[in-house]
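Residue numbers (the working numbering): 26 to 193.
All C-beta atoms, glycine included, are put in the ideal place defined by N, C-alpha and C.
This is how it looks when you write it as structure tokens:
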């Protein structure tokens, strides 16, 4: 399928939800922004670099977010950033899913939306009583994180004892 230059894709736009921590160390939504698409091949294709940072990512004082924003503003960012990546990505493939963070902060994610989990306590809930949801997760390691002078650690929640801890 090809598109005429200037034609808008019939696909649903995506939203990127980046998590972070408040001053008390609780998980919050840092930002929710629409995807920024770069078109090429006479608008027959487009790409969106959802998030990139150094690897392993340094979450302390939002260093990774600053590096991502600098990469985007440099207008030098291609499909990848040298030595770059992100953290844990959660991509909604089908249906809708509620991403729940601490202090009852939540967001409904729709097909195509991406969560960039930055070492935050979170949970998932399907808001539908009748429809299934399918998510894709890409999990990556990060440097140790300290928030408000407290070193954050891995918490497997209800999976404790079922999954082996990674050490972070």
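Beta-bridge partners of residue 122, as assigned by DSSP:
134
Compare the Cα-Cα distances from residue 122 to each of 133, 84, 167 and report the closest residue.
133
List the endpoints of the continuous beta strand (DSSP E) containing residue 58.
52-59
Indicate whether residue 113 and residue 163 have their beta-carbon atoms separated by less than 8 Å.
yes
8 Å contact criterion, which residue 117 and residue 148 should meet: CB distance rounded
The pair is not a contact, with the Cβ atoms about 15 Å apart (cut-off 8 Å).
Residue 43 lies in the beta strand (DSSP E); which residues open and close that run?
40-46
Going by other Cβ atoms of all chains shown within 10 Å of its Cβ, with 16 needed for buried, is residue 26 buried or exposed?
Any reading at residue 26 needs caution, since the residue's pLDDT is 38, under 50, leaving its predicted position unreliable; the model's value is listed next. So residue 26 counts as exposed.
Just to confirm the assignment, what range does the alpha helix (DSSP H) spanning residue 98 have?
88-98
Tell me the DSSP secondary structure of residue 26 in three-state form.
Note on residue 26: pLDDT 38, under 50, position unreliable in the model; the coordinate value appears next. Coil at residue 26, not helix or strand.
Roughly how many angstroms separate the alpha carbons of residue 93 and residue 153, rounded to a whole number?
34 Å
For the beta strand (DSSP E) containing residue 163, list its first residue and its last residue.
159-163
Just checking residue 123 against the ligand ZN - is the residue's beta carbon closer than 7 Å to any of the ligand's heavy atoms?
The model depicted lacks the ligand ZN and carries no ligand whatsoever.
Specify, as a first and last residue, the run of the beta strand (DSSP E) that residue 142 falls within.
139-142
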